[in-house]
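Enquirer:
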Amino acid sequence: NVDVTERGLKGMLRVCQRDDFEAPATAKFCKETLGIGTIFLVNDQQAFGAGQCEAFEAAAKELGLEVVANEGIVFSAVVNQIAAADPDAVYYGGNYPEGSLLLKQIRDKGITSIYVGSSGVDTAELVNIAGKENAAGAYYISSSPAFDSSEKLQSWVDAYQQKSGLTADGYAIYFYEAATVALEALSDAIDAAGGKPTRTQVVEAMGNVEADGITGSFQFDEKGDNINAKAYAYEIVNGYPGKMVGELSGK
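Using our numbering, the letters of the sequence shown map in sequence onto residues 166 to 416.
1) Which residues bound the beta strand (DSSP E) around Y377?
2) If you drop the 5 nearest sequence neighbours on each side, which residues of the same chain put their C-beta closer than 6 angstroms to that of K196?
3) Rounded to whole angstroms, what is the Cα-Cα separation between I201 and Q366?
4) Considering only their Cβ atoms, is the gap separating S265 from E290 smaller than 8 angstroms?
5) Pull up the distance between the alpha-carbon of I401 and that of N166, whole angstroms please.
6) So for V239, helix, strand or coil by DSSP?
7) With three or more C-beta pairs closer than 8 angstroms as the rule, is the stretch 377 to 389 touching the stretch 323 to 334?
8) Measuring only the C-alpha atoms, how far is Y336 from E369?
9) Taking the Cβ atom as the reference point for each residue, do A188 and A220 lie within a distance shorter than 8 angstroms?
10) Apart from the five residues on each side of it in sequence, which residues of its chain come closer than 7 angstroms, Cβ to Cβ, to N393?
11) Specify the secondary structure class of L206 as computed by DSSP and reduced to three states.
12) If we ignore side chains and look at the alpha-carbon of each, how far apart do G237 and S278 end up?
13) To test your reading of the DSSP string, which unbroken alpha helix (DSSP H) runs of 4 or more residues are found completely within the stretch 330 to 384?
14) Hey, quick one: how far does the beta strand (DSSP E) through V167 stretch, first residue to last?
15) Only counting the same chain, and skipping five residues up and downstream in sequence, which positions put a Cβ closer than 7 angstroms to that of V243?
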């Protein structure tokens, strides 16, 4: 949500992309890459998902992409509304528990509209909850490039799975990236203080930190947003992770 870093709070950094980049760029992807003409927006009724759908809708209007509705997720009701509207696509803004169940329910009802999920559904649970057959052909947005896009990222993914027994996903990767940035800032503060730093010194170091992570480099503007943040679109072909089909672009 954009408000996280718009409050002028020191010591607040965002390692991933902002909603006001991701959502408009996703609308552009839907219109220009997927050729979608009509789309039904569903949000999780929380700041994250509602903010994404609001930004998506504003961008869609500029692009000539028709938004037939923007509804909060009340499952049986919204699934019936989607069926009645028969849109080219359904966009879900929010996190994976509700987004995965939404995908399952629309497919179980026979709705064939393209499903596009925000970065909140970037997890293997999307497939586990919706079912592999239901999830096939769905799209989702991720903060992470393809795992095999670099040896460094692929090595981390392999090590994570070996140690945890879990499939790496966008959540795991960016929790790790956040920890990398935080530890780099703490290290910088220790070096500057010549020993144990004060809280003020740590916060000051966070404002100037630069770090190299497993997905790329991290630098932050005066608000605390990562100026190198990117987002990517994936299609689920044979389970999770999906196949990367493009890097999102926008204003």
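Heads up, the beta-carbon is just placed ideally off N, CA and C, and yes, glycines get one too.
Expert: Reading from the atomic positions:
1) Counted from its first residue, the sequence shown places residue 377 at position 212. According to the sequence as given, residue 377 is Asp; it is not Tyr. Note, D377: beta strand (DSSP E), 375 to 377.
2) Residue 196 sits at position 31 when you count from the first residue of the sequence shown. Hits under 6 angstroms: L228, L230.
3) Numbered from its first residue, the sequence shown carries residue 201 at position 36. Numbered from its first residue, the sequence shown carries residue 366 at position 201. So the alpha carbons of these two residues sit roughly 50 angstroms apart.
4) As a first step, residue 290 is located in the sequence shown; it is residue number 125 there, counting from the start. As a first step, residue 265 is located in the sequence shown; it is residue number 100 there, counting from the start. Yes; because the gap between Cβ atoms is below 8 angstroms, this pair is in contact.
5) Stepping through the sequence shown from its first residue, residue 401 is reached at position 236. Stepping through the sequence shown from its first residue, residue 166 is reached at position 1. Near 25 angstroms, if we compare the C-alpha coordinates of N166 and I401.
6) Walking along the sequence shown from the start, residue 239 turns up at place 74. Coil.
7) By the Cβ criterion, the stretch 323 to 334 is not in contact with the stretch 377 to 389, since fewer than three pairs of Cβ atoms, one from each stretch, lie closer than 8 angstroms.
8) Residue numbering aside, residue 336 sits at position 171 when the sequence shown is read from its first letter. Residue numbering aside, residue 369 sits at position 204 when the sequence shown is read from its first letter. Using only the alpha carbons, I get a separation of about 27 angstroms.
9) On the sequence shown, residue 188 is found 23 positions in, with the first residue counted as 1. On the sequence shown, residue 220 is found 55 positions in, with the first residue counted as 1. Yes, the pair counts as a contact, with Cβ atoms nearer than the cut-off.
10) Taking the sequence shown and counting its residues from 1, the one referred to as residue 393 is at position 228. Cβ within range, chain order: G381, S382, F383, Q384.
11) Taking the first residue of the sequence shown as 1, we reach residue 206 at position 41. Strand at L206.
12) Locating residue 237 in the sequence shown gives position 72, counting from the first residue. Locating residue 278 in the sequence shown gives position 113, counting from the first residue. Rounded to the nearest angstrom, the gap between the Cα atoms of G237 and S278 is 18 angstroms.
13) 335 to 358, 364 to 373
14) Counted from its first residue, the sequence shown places residue 167 at position 2. First-last for V167: undefined, no H or E at that position.
15) Locating residue 243 in the sequence shown gives position 78, counting from the first residue. Only V207, E236 meet the Cβ criterion.
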